[in-house]
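Participant: Numbering (our numbering), first residue to last: -14 to 90. Where is the CB? At the ideal position from N, CA and C, for every residue including glycine. Since the structure is predicted, the reported quantities are computational estimates derived from the model, not experimental observations. Dumping the structure here so I can ask a few things about it.
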């Protein structure tokens, strides 16, 4: 027998917090004005913190420093991701077999 104060099994897991920010009447922040920390960028891009910092220091990813913390605009992070994924960073030094040359592009 279930007691009167017992709740449904799913009630304890779903609190509604996951729906915050998903209200269709609210607009998402502009990517140009939304700032991300190094830790947020690292999680979003699934890479090491040092990789993000190296990209910032090399000029690949524009950033602003506020005290010790570095921030980058979401728009810049998305543009950096697009450049990084669309252009291979290292080209192969091996020759292409003549039968496969038309596939190399």
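Count the other C-beta atoms from every protein chain shown that fall within 10 angstroms of the C-beta of residue 54, then say buried if there are 16 or more, exposed otherwise.
Facilitator: On the chain shown, position 69 is the one that residue 54 refers to. By the neighbour-count rule (16 or more Cβ atoms within 10 Å), residue 54 is not buried but exposed.
Participant: Starting from residue 22 and walking both ways along the beta strand (DSSP E), at which residues does that stretch end?
Facilitator: For the purposes of this step, residue 22 is taken as the residue at position 37 of the chain shown. 20 to 22 is the extent of the beta strand (DSSP E) around residue 22.
Participant: If you count every other CB in all the chains shown that lies within 10 Å of the CB of residue 68, and 16 or more means buried, which is it?
Facilitator: Taking the first residue of the chain shown as 1, we reach residue 68 at position 83. By the neighbour-count rule (16 or more Cβ atoms within 10 Å), residue 68 is not buried but exposed.
Participant: Looking only at its chain, what residues have a beta carbon closer than 7 Å to the beta carbon of residue 45, apart from the 5 residues adjacent to it on each side?
Facilitator: In the chain shown, the residue the question calls residue 45 occupies position 60. 65, listed in sequence order.
Participant: Quick one: is residue 41 buried, meaning 16 or more other Cβ sit within 10 Å of its Cβ, or exposed?
Facilitator: Here residue 41 refers to the residue found at position 56 of the chain shown. Buried, by the Cβ-count rule.
Participant: For residue 80 and residue 20, I'd like the C-alpha separation in whole angstroms.
Facilitator: Taking the chain shown and counting its residues from 1, the one referred to as residue 80 is at position 95. Taking the chain shown and counting its residues from 1, the one referred to as residue 20 is at position 35. The straight-line gap from Cα to Cα measures roughly 44 Å.
Participant: Tell me whether residue 66 sits in a helix, a strand or coil according to DSSP, three-state version.
Facilitator: Reading the chain shown from its first residue, position 81 is the one you call residue 66. Correct three-state label for residue 66: helix.
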